[in-house]
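Colleague: There's a structure below that I have some questions on.
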């Protein structure tokens, strides 16, 4: 099989979308890795849903015994305090989200449609699974960036005509960064912007349900 | 003319409605005097609309030069800090009001109806005058107590069948303490509970528009 | 109303009846009133309506901390659950709460974190309802009024939430019930404290009036009815937290 | 977005156009961004939509402090006013703003303090509208949807407020734009900071990142676009306040 981007490389490419001084929320999985692959010279403040803004690096497992339970992120992982960090209550935290104050949310996805519909909170029926804060992030962040694998474990496209899994939000995604491509989505449909080294647009299209527009040069992904 | 209660006596009688540990908002005029006439042994936390809870005594005019502009009440009068005082933002302050967390608001009135309608924010047409926070206090406080003179400067009743001045809120007042009487108001109409020393119920009725119920003993006002 | 100070968790919840509603925050070990939850479990109060963000056990990495008391441990006592995270199906496991939901013993109202916290805030702030942009086109719009407002976007009408009891975890309190929190343990605690008829706060330390800086108080005493200090060896005490952390590696820097 | 630090009030508002909307808090001398207001007056920006709580001059007792800059001084520049307190008719006087309202030069939208602050909060928090119990049966219900909600009470539908610019007065800031306030000067400042496209804060002191305690920050830097420090002799500086107070008696205790 041809090499695809590693999760770390996907995260690094997604992180290139961030600018110095941005306030950003990172979802579980690949998105969380973005914190470790920021472009050189930029500082980003990370937001955790329960009310932390601008926290420091995660505590490595070898040091968990020295951590502090009141300093955990939205995924319950320990972080170190950082100068300039601020706490707020969860109401104020979601006011930030819903009120479009976060510069970006980088989230994972189960499925994304070409129009930018997102399904990312359950693999099963709607009644199980945890919604968490994803519905609020999806409608609230100024930009919603999806960082994910291009296809499922079983090789099925995750970029689809219409989402089959329960939706998180309609028409909310701006950009998909996968291990094969960078794709802009939205009301005018998906547009292929970048592809993984060694891959052709036709090969990416074959693993993508909706037809990708290819107006404009398709570049190779860099990270 | 027969003596009526002084403004200080009205305030002292209204203050008898408060209990130890209550959180209370005082309106302009006679209500403001209540702070100086609390019953012995009780502590009350006063609330100012812009976000102060539990502030200390007002600074006397002879000491204004030693005061602090960031320590002013809702009437722009200097207060001294007090241990246990708390600041909050104006949004949180009105959440307290609207959310029925204040034990009482003691307000002035232009007119009160027997059903408890209140007009207290303008003597003129609706388009001038300042509403301030009175509409929120009138619907939000657990108890709304009016402390006022029984009649206008021109001797006209202020307790009326229907308010003529622009309303602050409908059916919001629980109790009126005037310089002549203590009157319960509400859906079943006004009930005379107490009268000023030397006055008869008939004399008070003559200065009151709606018919006062007198079921139950009518006592003399004490303060 | 005056804040009363208690010394026993049992006494603090003595009047907590079967069928009552309870709001409680939990972010793992952080922000969780473990002692009050433990007392409620001991009391075996039945048919609770539980309003909480997550119903998962506390954990560090893949280690579950079974000796930390969270709403997860109350599953058998819950008749109705309002939450954004009912269980651990994301791990392919069925939790006791999810099993009760599947068996119809517990009714689930699934909401997002943001809608949940704003509904609680509305309940505490006397707002009759509000229009939320979250949830359009999803399962949470079921049964709700949908409406296009002035900006041309669709919104759902969400209703306020209140509860009979609120269990609050704060860091320090003064004797008037003014509260300050610590780190992410603040969470939804200050919002829940505004929306419950009886608010009970457990805190690391109760100090004299005047010892908290007026500029830093997060929950003013007006919201707090009962106050109780976590004992030195109590659940969630500094000592208990150190004991929990001692199970994990400590090489490298000390925090 | 990154917070930019300025040293000139003029430069800070260089891009403030005629016809823009402005939110600003004022509680007399307290909480009022006097230097930014002064710069806006100097710039003679026209046709403002002004959203503010009170349009009265600062005063101490019966002494008006005419050398304190408040929204009262902007009357000639205002085309539309949203406020709970348009003037001084309660004193039987007509203020310049009230005169303009009477003459039809300024359009007035009269709201109560509580509805005003909640509409601003909704604007900042992405709420499409909310149902308020205040104002039923009064002049403020004109043109608004009235509705009985689940609790049987009547409510009015209120709409969010936002503005192009927010002028904020805080006590201290760090270089990331995190803000803390002082006393009643907090007021509506933290709420307005959430609801404006360009938020400019004037502060007594800008300190290094890390000098503010993370637990005490009231407005996080995410809301603050521009920051400017009040000079030693500036309007509202400690020195200016002392000068204002020196006009009044000082017998008795010092605060």
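Residue numbers (this note's numbering), protein chains in the order written: chain A, 1 to 223; chain B, 1001 to 1223; chain C, 2001 to 2255; chain D, 3001 to 3255.
Where a beta carbon is used, it is the ideal one built from N, C-alpha and C, also for glycine.
In this text the structure is predicted, and so the values were computed from the model without any measurement.
1. What does residue 103 of chain A touch in chain D if you count any residue whose Cβ is under 9 Å from its own?
2. Under 7 Å between beta-carbons, which chain D residues line up against residue 85 of chain A? List them in chain order, please.
3. Cβ of residue 1075 of chain B within 7 Å of Cβ of residue 1028 of chain B?
4. Could you tell me whether the Cβ of residue 38 of chain A comes closer than 7 Å to any Cβ of chain D?
5. Using C-beta distances below 6 Å, list every residue in its chain close to residue 14 of chain A, excluding the 5 sequence neighbours before and after it, in chain order.
6. Using a Cβ-Cβ cut-off of 7 Å, state whether residue 1023 of chain B counts as contacting chain C.
7. Going by DSSP in three states, residue 71 of chain A sits in which element: helix, strand or coil?
8. Among the candidates C:2052, C:2019, C:2070, whose CA atom is the shortest distance from the CA of residue 90 of chain A?
9. Alpha carbon to alpha carbon, what distance is there between residue 1112 of chain B and residue 101 of chain A?
10. Residues of the stretch 70 to 95 of chain A with a CB closer than 9 Å to any CB of chain D: list them in chain order, please.
11. By Cβ distance, which residues of its chain are closer than 8 Å to residue 2250 of chain C, with the 5 residues on each side in sequence left out?
12. Under the rule that 16 or more other beta-carbon atoms within 10 Å means buried, what is residue 1120 of chain B, buried or exposed?
13. Excluding five sequence neighbours on each side, which residues of the same chain lie with their C-beta closer than 8 Å to the C-beta of residue 38 of chain A?
14. What residues in the stretch 2080 to 2099 of chain C bring their beta carbon closer than 9 Å to a beta carbon of chain D?
15. Can you confirm whether residue 3101 of chain D, when its beta carbon is compared against all beta carbons of chain A, has any partner nearer than 7 Å?
16. Is the CB of residue 1107 of chain B under 7 Å away from at least one CB in chain C?
17. Output yes if chain A places a C-beta closer than 7 Å to the C-beta of residue 2066 of chain C; else output no.
18. Are the C-beta atoms of residue 3201 of chain D and some chain B residue less than 7 Å apart?
19. Check distances from the C-beta atoms of the stretch 2167 to 2178 of chain C to those of chain B and list, in chain order, the residues that come in under 7 Å.
20. What is the C-beta distance between residue 1214 of chain B and residue 1201 of chain B, in whole angstroms, given that I count them as a contact (C-beta under 8 Å)?
21. Among the residues of its own chain, which have a CB less than 6 Å from the CB of residue 1203 of chain B, if the five just before and after it don't count?
22. Residue 168 of chain A: buried (16+ other C-beta within 10 angstroms of its C-beta) or exposed?
23. If you measure from the beta carbon of residue 98 of chain A to each beta carbon in chain D, is any gap under 7 Å?
24. For residue 3251 of chain D, go through chain B and note every residue whose CB falls closer than 7 Å to its CB, in chain order.
25. Going by alpha carbons, who is nearest to residue 2063 of chain C out of A:52, A:58, A:77, A:73?
26. Could you tell me how far apart the beta carbons of residue 70 of chain A and residue 2030 of chain C are, in whole angstroms, since I believe they sit closer than 8 Å?
27. Take residue 3056 of chain D as the anchor and find which of D:3066, D:3049, D:3166, D:3048 has the nearest alpha-carbon.
28. For residue 1994 of chain C, report the span of its beta strand (DSSP E) as first-last.
29. Please go through the stretch 3091 to 3115 of chain D and give each complete alpha helix (DSSP H) segment of 4 or more residues, from N-terminal end onward.
30. Near residue 2255 of chain C, which residues of its chain fall below 8 Å by C-beta distance, leaving aside the five closest residues on each side in sequence?
31. Can you pull the chain D residues whose beta carbon is under 8 Å from the beta carbon of residue 140 of chain A, in chain order?
32. With H, G and I counted as helix, E and B as strand and the rest as coil, what does DSSP make of residue 3150 of chain D?
33. Would you identify the three-state DSSP class for residue 2222 of chain C, choosing helix, strand or coil?
34. CB residue 2075 of chain C to CB residue 2111 of chain C, shorter than 7 Å?
35. What does the Cβ neighbour count give for residue 2168 of chain C, buried or exposed, with the cut at 16 atoms within 10 Å?
36. Tell me, please, whether the CB atom of residue 1148 of chain B is closer than 7 Å to any CB atom in chain D?
Modeller: Inspection of the coordinates gives the following:
1. Within the first chain, the letter at position 103 stands for residue 103 of chain A. Ordered by position in chain D, the residues that pass the 9 Å Cβ test against residue 103 of chain A are 3001, 3222.
2. For this step, residue 85 of chain A is matched to residue 85 along the first chain. 3214, listed in chain order.
3. As a first step, residue 1075 of chain B is located in the second chain; it is residue number 75 there, counting from the start. As a first step, residue 1028 of chain B is located in the second chain; it is residue number 28 there, counting from the start. Taking 7 Å as the Cβ cut-off, residue 1075 of chain B and residue 1028 of chain B qualify as a contacting pair.
4. By 1-based counting over the first chain, the position of residue 38 of chain A is 38. No, residue 38 of chain A does not count as interfacial toward chain D.
5. On the first chain, position 14 is the one that residue 14 of chain A refers to. For residue 14 of chain A, where only same-chain residues beyond five positions count, the Cβ hits under 6 Å are 34, 106, 145, 147, 177.
6. Your numbering for residue 1023 of chain B matches position 23 in the second chain. With 7 Å as the cut-off, residue 1023 of chain B counts as an interface residue toward chain C.
7. Position 71 of the first chain, counting from 1, holds the residue named residue 71 of chain A. The answer is coil: DSSP assigns residue 71 of chain A none of H, G, I, E or B.
8. In the first chain, counting from the first residue as 1, residue 90 of chain A sits at position 90. Residue 90 of chain A has its Cα closest to that of C:2052, out of C:2052, C:2019, C:2070.
9. As a first step, residue 101 of chain A must be located in the first chain, where it is residue number 101. As a first step, residue 1112 of chain B must be located in the second chain, where it is residue number 112. Spanning the two alpha carbons is a distance of roughly 45 Å.
10. 81, 82, 83, 84, 85, 86, 87, 88, 91, 92, 94, 95
11. Counting from one through the third chain, the residue named residue 2250 of chain C turns up at place 250. Closer than 8 Å at the Cβ level, and outside the excluded window around residue 2250 of chain C, lies no residue.
12. As a first step, residue 1120 of chain B must be located in the second chain, where it is residue number 120. By the neighbour-count criterion, in which 16 or more other beta carbons inside 10 Å mark a residue as buried, residue 1120 of chain B falls on the buried side.
13. Position 38 of the first chain holds residue 38 of chain A. 15, 18, 44.
14. none
15. Mapped onto the fourth chain, residue 3101 of chain D falls at position 101. So no, residue 3101 of chain D is outside the interface.
16. In the second chain, counting from the first residue as 1, residue 1107 of chain B sits at position 107. Taking 7 Å as the threshold, the shortest C-beta distance from residue 1107 of chain B to chain C does not fall below it.
17. Residue 2066 of chain C sits at position 66 when you count from the first residue of the third chain. Judged by the 7 Å Cβ criterion, residue 2066 of chain C is not in contact with chain A.
18. Indexing the fourth chain from 1 puts residue 3201 of chain D at position 201. No, residue 3201 of chain D lies away from the interface with chain B (no Cβ there is under 7 Å from its Cβ).
19. 2174, 2176, 2178
20. On the second chain, position 214 is the one that residue 1214 of chain B refers to. On the second chain, position 201 is the one that residue 1201 of chain B refers to. Contact annotation, residue 1214 of chain B with residue 1201 of chain B: C-beta distance approximately 6 Å; criterion of less than 8 Å satisfied.
21. In the second chain, the residue the question calls residue 1203 of chain B occupies position 203. Here the set comprises nothing.
22. Locating residue 168 of chain A in the first chain gives position 168, where the first residue counts as 1. Answer is buried; the Cβ neighbour count reaches 16.
23. Within the first chain, residue 98 of chain A is the residue found at index 98, counting from 1. Residue 98 of chain A counts as touching chain D.
24. Stepping through the fourth chain from its first residue, residue 3251 of chain D is reached at position 251. In chain order: 1062, 1063.
25. Counted from its first residue, the third chain places residue 2063 of chain C at position 63. Taking only the C-alpha atoms, the option nearest residue 2063 of chain C is A:77.
26. Your numbering for residue 70 of chain A matches position 70 in the first chain. Your numbering for residue 2030 of chain C matches position 30 in the third chain. Rounded, the Cβ-Cβ distance is 5 Å, consistent with contact.
27. Taking the fourth chain and counting its residues from 1, the one referred to as residue 3056 of chain D is at position 56. Closest option to residue 3056 of chain D, Cα to Cα, is D:3066.
28. A query on residue 1994 of chain C cannot be resolved here, the shown segment of chain C reaching from 2001 to 2255 and no further.
29. Those alpha helix (DSSP H) runs which fall completely within the stretch 3091 to 3115 of chain D and span 4+ residues are 3096 to 3102.
30. Sequence index remark: in the third chain, residue 2255 of chain C carries index 255 (1-based). At residue 2255 of chain C the pLDDT is 46, less than 50, meaning the model places this residue with poor confidence; the figure from the coordinates comes in the next sentence. Within the same chain, no Cβ atom closer than 8 Å to the Cβ of residue 2255 of chain C is found once the five residues on either side in sequence are excluded.
31. Your numbering for residue 140 of chain A matches position 140 in the first chain. Those within 8 Å of residue 140 of chain A in chain D are 3126.
32. The count along the fourth chain starts at 1 and reaches residue 3150 of chain D at position 150. Here residue 3150 of chain D sits in coil by DSSP.
33. Position 222 of the third chain, counting from 1, holds the residue named residue 2222 of chain C. Three-state DSSP puts residue 2222 of chain C in a helix.
34. In the third chain, residue 2075 of chain C corresponds to position 75, counting from 1. In the third chain, residue 2111 of chain C corresponds to position 111, counting from 1. Result no, Cβ atoms of residue 2075 of chain C and residue 2111 of chain C do not sit closer than 7 Å.
35. Translated into positions along the third chain, residue 2168 of chain C becomes position 168. Its Cβ being crowded by 16 or more others within 10 Å, residue 2168 of chain C is buried.
36. Stepping through the second chain from its first residue, residue 1148 of chain B is reached at position 148. It does not: the Cβ of residue 1148 of chain B has no partner Cβ on chain D nearer than 7 Å.
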